[in-house]
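As you go down the protein sequences, you meet chains B and F in turn.
Under this note's numbering, the final residue of the first sequence carries the number 465; numbering is consecutive throughout.
Under this note's numbering, the final residue of the second sequence carries the number 1198; numbering is consecutive throughout.
No residue lacks a Cβ here, since even glycine has one placed at the ideal position from N, Cα and C.
The structure appears below as structure tokens.
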Amino acid sequence: MGLHKTEYKGLLGWFDARMPTLMSEYKKHLAEYYAPKNLNFWYIFGGLAITALVMQIATGIFLTMNYKPDAASAFASVEYIMREVQGGWFIRYMHSTGASFFFIVVYLHMFRGLLYGSYRKPRELVWIFGCLIFLSLMGEAFFGYLLPWGQMSYWGAQVIVNLFGAIPVIGPDLAVLIRGDYVIGDATLNRFFAFHVIAIPLVLLGLVVAHILALHDVGSNNPDGMEIKDTLDPKTGRPLDGIPFHPYYTVHDIYWLSLFLIAFFAVLFLAPEMGGYFLEWNNFIPADPFQGPLHIAPVWYFTPYYSILRATTEYFMWVLAAFTVAYALLVFLSLKNSAARIATLGIALVLVVFMVVPGLKLDPKFWGVVLMGVSVLIFFGLPWLDQSPARSIRYRPGWHFWCLIAFVVIFLVLGYFGTQPPEDTRNLMSQVLTFLYLAFFLLMPWWSRMGEFKPVPARVTFAAH
Amino acid sequence: MTESNDAVDDSRRAALLMTGVVGGAGCVAAAVPFVASLTPSERAKAAGAPVVADLSQLALGEKMTVEWRGKPVWVLRRTPEMLASLKKTEGEVADPASKRTAFPTPAYAMNEYRSIKPEYFIAIGICSHLGCNPLGPLAAGAAAPLGNDPGFLCPCHGSTFDVAGRVFKNKPAPDNLEVPPHKYLSDTVVLIGDDSKA
């Protein structure tokens, strides 16, 4: 008959006989996916991120039913949703507050990775897909922010599109290609809408699937950072420290999800604009191409990178060049291979020439864009930058933990500065913090090896409760 | 077919390669209209006609803004004090003679005032850094980043410009404010976007 021999009865049995994939995937990814039994609070954010994604897609579909991607009517259509569409304000605030919560969740999810070395071998691909999700999410947020066609939408897009204009030779044409016009206009709004509602979401969904499949192939890391697959039950062949994802972690995640939703809806109902951080005040003024707002800042989740962009001025280029030379020497002394050594010096020389040599140097504006790009893309390098013998912070020297905390503080302070108008003292501090930010990553191959490491136990630390 | 299963059938392999090449060329050709659709439309290209500005109502020290190609074009009527400040800022700006070529200054504005008539300064009000809208003209001492010079301040990234649109040193903006092509039709009427002699 060609039917699959099924163990299920009734409708499920009928289905399983014809499409066994359904139940086998359910087992593989939920009922028989063995996750370490010591996963703690820091492991809730993956599930929350999926919830946030679903929420954004669902609210987004309903918003497109009333939104008009047209420069002449976009702003009014958003106000129409907020004031006249039944329940429109609720859907719109879920979407706008949801965007900020999505970033909060993703940043905490990434912090967990840094805390327990979740990106280390064999989970490099999980991490890379995750970084690609982060990049797509930034694109999604940026395209979406233009749609209400407020002052911040317009001038924020103006600034970001001009970032691409800073690329030598091809930049100006590239900026025109992105805008579809010589200025940000109707063509830009229309295409950003297309990217926001279909192109990027499709990419995001694909990446989320890849992220989870890659994770389920290698298995979850845990707060102790050892492989639970190293200690298997001789009878069943399952990890002794593993428990089925469903029901154990589905219940755990639902518990935290309910707390998350309480916090989310408290913000939605009581402070949906979050004092101008989630929705900037200037965005309640329609876009005016002839008079920009007094102070332009991106939404909070972009501000650390924005501070790094602003920190790059002409005098700073000399410091940057000196830093490049010093770093190249450090790499040179650490490498054994002479071809790699020469390549290091060659690359450093080219960089320094384009940074400071009169006549050849590129604008600080371009280097600002480069530094901003590097500060985002450097996350991709973590699996190789981190050379610590122990994955988890629990078994690394105490000061490694404080390095990580220092990085978080730097990130937050840069983020705060990015929301503020430019000012000399803050600019100087941003420059120092930009160096420390980059040094945290670039010096990691050295510092992550130093200090006294504790022995990693063979079994997870777990107290039954 | 008499060959064994593991031998490569050369004629089929050649056909496969040719199909691949032709198919690939087809894909590239099909991509052309898609990429072309992202470039400015004919309508956007046509929307660049010059505009006329009447300066007769502009008082000393005042600025007016006219739209040209979707961009704000400023006309600032400079006071004698403003013009005098340009001597002082000469040494404080990054490119005093407007030698950089990213936004070439028209030959008729290649002078210390960056304008045809010293009194009227005409420039595109878009910062050469990342395209924000500088504020101003601000009086001397009105904004800390400008110090004691009158000029413009870009609120985004703190670039400052003197009243001839020249960017001060060590600021994010690399270039002076762009001077659009323009010509005077009469003493107080200026055509922006066209500088042909005719």
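Asked                                                                                                                                                             : Found
Rounding to the nearest angstrom, what Cα-Cα distance links L333/B and E1090/F in this structure?                                                                 : 46 Å
Tell me, please, whether the CB atom of I296/B is closer than 8 Å to any CB atom in chain F?                                                                      : yes
Can you give the Cα-Cα distance for M1001/F and T64/B, rounded to whole angstroms?                                                                                : Because the pLDDT of M1001/F is 49, which lies under 50, any placement of that residue in the model is unreliable, and the question is left without a value.
When you measure from the CB of G1158/F to every non-hydrogen atom of the ligand HEM, does any distance come out below 7 Å?                                       : What this structure holds is no ligand at all, so the ligand HEM is not there to describe.
Kindly say whether P364/B, judged by its beta-carbon, lies nearer than 8 Å to any beta-carbon of chain F.                                                         : yes
Can you find the residues in the same chain that come closer than 7 Å, C-beta to C-beta, to P239/B, ignoring five residues on each side of it along the sequence? : Y34, I228, K229, T231, L232
Using 8 Å as the threshold, is the C-beta distance between L1153/F and P1134/F below it?                                                                          : yes
Terminal residues of the continuous beta strand (DSSP E) containing F1161/F?                                                                                      : 1160–1162
Using a cut-off of 8 Å between C-beta atoms, extract the partners of N427/B located in chain F.                                                                   : G1158
What's the gap between the Cα of P1072/F and the Cα of L351/B?                                                                                                    : 37 Å
Report the residues of the segment 1072–1083 of chain F with a CB closer than 8 Å to any CB of chain B, ordered along the chain.                                  : P1072
Name the chain F residues that come within less than 8 Å of T313/B, Cβ to Cβ?                                                                                     : N1170, K1171, P1172
Where does N221/B land, buried or exposed, given buried means 16+ other C-beta within 10 angstroms?                                                               : buried
Give the DSSP bridge partners of M110/B, in chain order.                                                                                                          : Bridge partners of M110/B: none, in fact.
Does DSSP classify D468/B as helix, strand or coil?                                                                                                               : Outside the shown range of chain B, which is 1 to 465, sits residue 468/B, and nothing can be said about it.
Where DSSP assigns a beta bridge to Y34/B, which residues make up the other side?                                                                                 : P244/B
Run down chain F in chain order and give the residues with a C-beta less than 9 Å from the C-beta of Y182/B.                                                      : P1040, A1044, K1045, A1047, G1048, R1069, G1070, K1071
Thinking just about the alpha-carbon of each residue, which of D1010/F, D1054/F, P1172/F, A1031/F is nearest to the one in V1185/F?                               : Note that residue 1185/F corresponds to Leu in the displayed sequence, not to Val. Of the listed residues, the one whose Cα sits closest to L1185/F is D1054/F.
Find the nearest neighbour of E452/B within the set M429/B, I393/B, F440/B, judged by alpha-carbon distance.                                                      : I393/B
Taking C-alpha atoms, which residue in I184/B, Q431/B, F462/B lies nearest to D288/B?                                                                             : I184/B
Determine the chain B residues that contact W1065/F at a beta-carbon separation under 7 Å, and present them in chain order.                                       : Note that residue 1065/F is Thr in the sequence shown, not Trp. Per Cβ cutoff of 7 Å: F290.
Please report the distance separating the alpha-carbon of F134/B from that of E1042/F.                                                                            : 36 Å
Looking only at DSSP bridge pairs, what is R1077/F linked to?                                                                                                     : Y1120/F
Alpha carbon to alpha carbon, how far is L30/B from W367/B?                                                                                                       : 46 Å
CB-CB under 8 Å to V167/B, same chain, minus the five flanking residues each way: which ones, in chain order?                                                     : Note that residue 167/B corresponds to Ile in the displayed sequence, not to Val. Excluding sequence neighbours, I167/B sits near L174, F366, V369.
At a Cβ threshold of 8 Å, is L433/B touching chain F?                                                                                                             : no
I want to see whether chain B comes within less than 8 Å of L1055/F, judged by CB atoms only; does it?                                                            : no
Could you check if L978/F is buried or exposed, using at least 16 other CB atoms within 10 Å of its CB as the buried criterion?                                   : For residue 978/F there is no data in the structure shown, the boundaries of chain F being 1001 and 1198.
If we ignore side chains and look at the alpha-carbon of each, how far apart do H211/B and G219/B end up?                                                         : 12 Å
According to a CB-to-CB cut-off of less than 7 Å, which residues of the segment 136–170 of chain B neighbour chain F?                                             : W155, Q158, V159, N162, L163
Have a look at V1189/F and V1051/F and give me their C-alpha separation to the nearest angstrom.                                                                  : 11 Å
Does any CB atom of chain B fall closer than 8 Å to the CB of M1001/F?                                                                                            : Note that M1001/F scores 49 on pLDDT, short of 50, meaning its location in the model is unreliable and no value can be drawn from it.
L177/B touches chain F at which residues, Cβ-Cβ below 7 Å?                                                                                                        : L1038, T1039
Between P1172/F, I1122/F, N1170/F, V1163/F, which has its C-alpha nearest T1079/F's C-alpha?                                                                      : V1163/F
Would you say G185/B lies against chain F (beta-carbon separation less than 8 Å)?                                                                                 : yes
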